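Let me begin by presenting the structure, written as structure tokens, before commenting on it.
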Amino acid sequence: MTGEGKSRSGLRGRLDGPVLTVWAKHDRDSDGWLPLWRHMEDSAAVAGLLWDSWLPASVRRLIASALPGGEQDARQLAVWLAGVHDIGKATPAFACQVDQLADHMREQGLQMRSARAIGPDRRIAPHGLAGQALLGEWLKERHGWTVKQTGQFTVVVGGHHGVPPEHGHITALHKHGHLMRTPGPSRAVWRRVQDELLDACADEYGVRDRLGEWRSVKLPQPVQVLLTALVIVADWVASNADLFPYFPQDVVRSSEERVAAAWRGLDLPAPWCPDEPAGDAQELFASRFDLPPGAKVRPVQEAAVELARAMAAPGLMVIEAPMGEGKTEAALAVAEIFAARSGAGGVFFALPTMATGNAMFPRLLDWLERLPAAEDARYSVLLAHSKAALNEDFADLMRESGHRIVAIDADAPEEPQWRPSHTTRSAPAELVAHAWLRGRKKAMLSSFVAGTVDQLLFAGLKSRHLAMRHLAVAGKVVVIDEAHAYDTYMSVYLDRVLSWLGAYRVPVVVLSATLPAGRRRELVEAYAGGSAEAAQSAAEFGAVSKAGAYPLLTAVTPGGEPVLRSPGASARGTDVILERIDDDLDVLVDRLATELDGGGCTLVVRNTVKRVLETAQALRARFGDEHVTVAHSCFIDIDRVAKDADLLKRFGPPGKAEGRPAGPHIVVASQVAEQSLDVDFDLLVTDLCPVDLLLQRMGRLHRHQREGQHERPEGLRRARCLVTGVDWTGDVPAPVRGSVAVYGAYALLRSAAALLPHFEKGPSRPVRLPDDISPLVQTAYADAPAGPESWAPAMADALERYERHRADQAERAAVFRLEEAGRDGRPLFGWVAAGVGDADDTRTGRAQVRDSRESLEVVVVQQRADGSLTTVPWLAQDRHGNRLAGLELPQDQPPPPRTARAAASCGLRLPIQFSYADVMDRAIEELEELYVPAWQVKDSHWLSGQLILPLDEDCQTRLAGFSLRYSKSDGLEVSSA
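Quick note on this note's numbering: the sequence shown kicks off at 45 and runs consecutively.
Next up, the structure:
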């Protein structure tokens, strides 16, 4: 029993005797198996193909830069490490697990105790750690390496299951030598087999003559991470029995034929390899974006393109420009230039929320379809957040990747594969959601990704398979949108991730309309690394925090010094008159009745959902239901998407929107209206909030010219913003409790202080957009005192609480934060020690990188009086005309896929009342009363594991002591029962 193939070439041709019986894989169902030599050869071959055809050039170059022989050395090293990664399976601790295979080994002199006899000690020698030890021993004894020299290479073997070993694990293994080789006469046979495999790999993969020179190499930790990730990918592919069948099921064929067939079956898209675009910025933008006739590139866009081309090497670029200035398009243009110059093989566009990710995804697809591409080019594309499968654009791509490949992850179940009917799509380059690149540990390896910033922040969190997340970003250009939107807790992770991105030389583009100067410097310093600490660089980095120009471009290369550019603003601008009004619903209703007497569209932004609903109720009593629209975060997913689409349809830019209300209309919204919605209103009413967010809200006011504003009602042709949510009557403004709970008193008082001159002087001192954006933001976030002297005691008290809160956030975030890259040559031992285990885009995962309570998510269905379940009754037809409303949800079997997907699209994140531990526990206990066993199966992936919230036929229910009511118009309303 040796598992021989068609010929004895390759690794097999170098082996004979007992080594051929050592096994690596076994299938209990079929009793098929795979000898270790075969899996080693498969893994090495896959690593070579991944290097040649899949790994972005930027990653190959970084690894090559650490080795004396450049890219040839780098490829040989990667292939060799993939070949030897499972050498730890040639040990009694591993081989004893399958009795019949162990017996064959015993017959060849490889004696071992049974798994039961070895007992729990077997856990001391997991095969990755055992392999690390065996390879280190071989390098020392056979090639004269020292212990310090071996670790930086052998840790790749030790960490190929997602967690590099810790020093304590290594020490414990050394005390249990019987787990590596059975004592007695058999010990020499085990030693000979292990050395024979390592010798054969060294010869077969051409590294024996390189080991002497590599002995003096000091591998940077980023290179160790990338090599580990590459070996993991090669192992996962080579472990896929669909691609690499086990014996005896496999047909008789050569190793080359076996690998070639598997690679054809895998069919991974190659990385993006763009040429640097020719022509000036105007030509570039005209060819990549759907510009209106006669549109001219804006100054900030032109300057960004010029700076990207002028930088000594691609690096970090921070683009600060007003809302509506085309920062997204500028970022994509810069990303194309950076990718061409750096060898990056894709783009990751990180956004603050799922809603902004959904809005960005079709824009990313449109850009991709306009990129120059070879006739047969294919790009792998991903929408990266927990509800991505419900996005229609992404669902279309998944339909188009017709073939199924079962993904292999020995340590955790993969997400199930979805196989809807095939549809067609035409594009210059085919865009695919590749079947193998699905699942929570591999999906980010797709070339083009739009998703929540959490996916980026996870790269700074000590977690299992962190190397895979690093490989995913190391080969891309990373774009971080709305950089001002991340609090101290998230910023702790973001800064650490930026330091690693700088170490990987990953090009990064950061976008913001309202970035505090101090935060700008922190971002630039984090990416630049050690150069920021050098005395000679202090002045240059100091200039970053002192720059007051706006728009502003800041650029730095890894280890370099920052460069600043101040492009002119476009001619577009708006003067916004500010006014304080009392926080009284009667006052607001009367004021809007006066303002909208001649018609017009008003946006009212509240800081809490409770205030949104209270305000909407009061306004409807005066204006009527048809004149008031509600938008906030407590809608089921499908209704939330429909709300955004409706707002864009009615209040979007001229020429694209249709059905803009002629009479008065009021949209009452929470923070969901703050960003990434291109909507335009005649009047803005807003609760006081931090000044950067207030400016974002102002970006929805008179956003577009409407026939020189003549389309607007006469009384609303000057942009005005009414600020409420505050008791303005006292010596110090007193924001309402809900606002303080969301933002903190200090940020609100600083905002009020920055805006005070505009409040006091009214029409004679409007907020001039964009000119006043940077001055207001820098004033609000500066360390200097702000506001009248009479505010000083309240401001000092608020500052003390704010600083305690920030310190607490930073301290808690640091617990699981990854360390900075260590010195070159230092092994990754303990790299993710004391980590969080698996990190993913679940309610628990998101809570690890956001300072928020763990939230409860449910799927909302309707329960009839007879106990039967249906999808909710108001769902519209899907884009193919299929009915989704009121579909029966059988409880004795999984619902049909379309029905199950319709139900899953009604996901709802319950509000903060349900995030407190005692309430959450009670709610989960009550929700689990509706547990449907028939839905908890592999074929029911839409509903398996979901908490089901049943509403009665009046769309009401009770949960954990609260009364819940849902409506399509107002979303979820929660009150005490």
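Glycine residues also receive a C-beta, built at the ideal position from the N, C-alpha and C atoms. Since the model is a prediction, treat every value here as computed from it, not as a measurement.
Between Gly-696 and Val-723, the C-beta gap is smaller than 9 Å, which places the two residues in contact. Between the alpha carbons of Val-191 and Tyr-975 lies a gap of roughly 55 Å. When DSSP states are grouped into helix, strand and coil, Pro-208 belongs to the coil group. The continuous alpha helix (DSSP H) containing Ser-97 extends over residues 80-97. Given a length threshold of 3 residues, the segment 233-313 has no whole run of the beta strand (DSSP E) inside it. In this structure, Leu-310 keeps its C-beta atom at 9 Å or more from the C-beta atom of Leu-255. Taking the Cα positions, Val-261 is about 12 Å away from Ala-108. Residue burial is scored here from C-beta neighbours: Glu-185 has fewer than 16 other C-beta atoms within 10 angstroms and is therefore classed as exposed. The three-state secondary structure of His-528, taken from DSSP, is helix.
For Ile-968, the enclosing alpha helix (DSSP H) has its first and last residue at 961-971. Here Thr-659 is buried, its C-beta having at least 16 other C-beta atoms within 10 Å. Straight across, the Cα-Cα distance linking Asp-626 with Leu-913 is about 47 Å. The C-alpha of Gln-921 is placed about 15 Å away from the C-alpha of Ala-944. The C-beta distance from Pro-366 to Leu-737 rounds to 15 Å, too long to fall under 8 Å, and the pair is not in contact. By the 16-neighbour rule on beta-carbons within 10 angstroms, Gly-592 is exposed.
Under the DSSP assignment, Tyr-787 falls in the alpha helix (DSSP H) whose first and last residues are 781-787. Taking a C-beta distance under 9 Å as the contact criterion, Cys-645 and Pro-705 qualify as a contact pair. Look at Phe-803 here: in three-state DSSP terms it is helix. With a cut-off of 8 Å on Cβ pairs, the segment 676-694 is not in contact with the segment 756-770, counting fewer than three such pairs. Per DSSP, reduced to three states, the secondary structure at Tyr-571 is helical. If you look at His-709, you'll find it in the beta strand (DSSP E) that goes 708-713. In the three-state scheme derived from DSSP, where H, G and I count as helix and E and B as strand, Asp-73 is classed as coil.
Judged by DSSP in its simplified three-state form, Glu-718 adopts coil rather than helix or strand. For the pair Asp-525 and Leu-395, the CB atoms are nearer than the 9 Å cut-off. The three-state secondary structure of Ile-680, taken from DSSP, is coil. Assignment of Ile-625 by DSSP, reduced to helix, strand and coil, places it in the coil class. As for any alpha helix (DSSP H) of minimum length 4 sitting wholly inside the segment 168-210, the runs are 171-187, 191-202, ordered along the chain. Annotation: Thr-768 to Arg-845 spans about 24 Å, alpha carbon to alpha carbon.
When rounded, the separation of the alpha-carbon atoms in Phe-873 and Gln-265 is 10 Å. For Ala-134, there is no enclosing beta strand (DSSP E), since its DSSP letter is neither H nor E. Only residues of its own chain outside the window of five on either side were considered, and among them Val-552, Tyr-571, Val-600 have a CB closer than 6 Å to the CB of Leu-360, listed in chain order. Per the coordinates, the alpha-carbon of Val-142 lies some 23 Å from the alpha-carbon of Leu-59.
Taking the C-beta atoms as reference points, Val-904 is found nearer than 9 Å to Leu-995. Annotation for Gln-144: the continuous alpha helix (DSSP H) segment containing it runs 143-151. Taking all protein chains in view, the Cβ of Tyr-960 is surrounded by fewer than 16 other Cβ atoms within 10 Å, so the residue is classified as exposed.
Approximately 21 Å separates the beta-carbon atoms of Thr-135 and His-187; this is outside 8 Å, ruling out the contact.
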